[in-house]
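Okay, structure first, notes after.
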């Protein structure tokens with residue numbers, strides 16, 4: 001009897017997880033097809049092959065609260081090097097360096113502490129929405145993709161948000177989140193997302209596939225990662241070398 005109950009509960013949990021994933025991904029994220037009509041949202045990659053990956057939690061949060069994002073940042077850097085980029089990674093970097101690299105990179109990746117109006121390397125050192133909005137028009141037109149995995153990086157607020165400003169200054173595709181995020185879930189999602197880009201998935205399909213895999217890993221817990229928002233092209237593929 002106990003075995004039957006256990007089996008029934010396992011089946012019920014599996015059905016529940018599949019239903020949740022179906023609701024979020026299939027119904028909530030209608031993926032546009034790669035066709036002639038969507039060509040305008042599938043721009044050609046710029047010739048720039050520089051990529052920069054940033055892990056943004058300050059030391060105290062890494063050590064005291066266990067929010068170490070170094071392995072996740074290094075994984076993103078490794079994937080980008082494997083798919084045709086000259087990539088470097090930075091942990092607790094100077095935000096001024098990140099601002100400079102925004103203008104001369106093809107891919108920018110950030111995971112860590114933040115809010116709608118800033119990506120924060122520590123309590124007094126941030127890349128802000130204002131910093132980006134003060135850039136020249138089209139200053140970021142070599143930036144194929146920016147990924148900001150942090151709290152509210154794509155949330156509307158009275159200060160604007162860093163994801164939208166990055167897109168407004170010329171980036172082709174900018175991914176952020178419209179919610180608070182659970183960091184452990186975010187790190188797992190990030191690994192799956194980068195793996196999807198390596199398989200030549202579009203930005204949107206990589207995000208959706210990563211959510212599916214993250215939910216399966218955490219037993220249906222999304223970590224709020226379903227609240228992904230993409231400005232610009234959802235169909236862009238950033239892999240530069242053949243599979």
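In this note's numbering, the protein residues as written are 1 to 243. Even for Gly, the Cβ is constructed at its ideal location relative to N, Cα and C.
- At the C-beta level, residue 198 and residue 111 stay beyond 8 angstroms of one another.
- In the DSSP annotation of this structure, the continuous segment of the alpha helix (DSSP H) that includes residue 98 starts and ends at 95-103.
- Assignment of beta-bridge partners to residue 111 by DSSP yields 55, 149.
- Around the Cβ of residue 134, a 10 Å sphere holds fewer than 16 other Cβ atoms; the residue is exposed.
- Unbroken alpha helix (DSSP H) runs of no fewer than 4 residues, entirely contained in the region 131-211, are found at 162-168, 183-198, following chain order.
- Non-local beta-carbon contacts of residue 191 in its own chain, meaning distances under 6 angstroms to residues more than five positions away in sequence, involve 75 in chain order.
- DSSP, reduced to helix, strand and coil, places residue 118 within a strand of the structure shown.
- The C-alpha of residue 169 is placed about 35 angstroms away from the C-alpha of residue 221.
- Assignment of residue 50 by DSSP, reduced to helix, strand and coil, places it in the strand class.
- Within its own chain, the residues whose Cβ lies closer than 7 angstroms to the Cβ of residue 157, once the five positions on either side in sequence are excluded, are 116, 117, listed in chain order.
- Distance from the CA of residue 207 to the CA of residue 125, rounded to the nearest whole angstrom, comes to 29 angstroms.
- Assignment of residue 222 by DSSP, reduced to helix, strand and coil, places it in the coil class.
- In this structure, the CA atom of residue 150 is about 22 angstroms from the CA atom of residue 50.
- Under the three-state reduction of DSSP output, residue 85 falls in the coil class, being neither helix nor strand.
- For the pair residue 189 and residue 211, the CB atoms are nearer than the 8 angstroms cut-off.
- Here the alpha carbon of residue 164 sits roughly 9 angstroms from the alpha carbon of residue 153.
- Residue 204 sits away from residue 224, with the two beta carbons spaced by 8 angstroms or more.
- Under the three-state reduction of DSSP output, residue 70 falls in the helix class.
- Where residue 127 is concerned, the enclosing beta strand (DSSP E) starts and stops at 125-128.
- Counting the other CB atoms within 10 Å of its CB gives residue 162 a total of 16 or more, which places it among the buried residues.
- Here residue 243 has 199, 200 as same chain residues with Cβ atoms under 8 angstroms from its own Cβ, once five neighbours each way along the sequence are excluded.
- If you look at residue 230, you'll find it in the beta strand (DSSP E) that goes 228-232.
- Close CB contacts of residue 209 within its chain, under the 6 angstroms cut and outside five residues either way in sequence, are with 196 (chain order).
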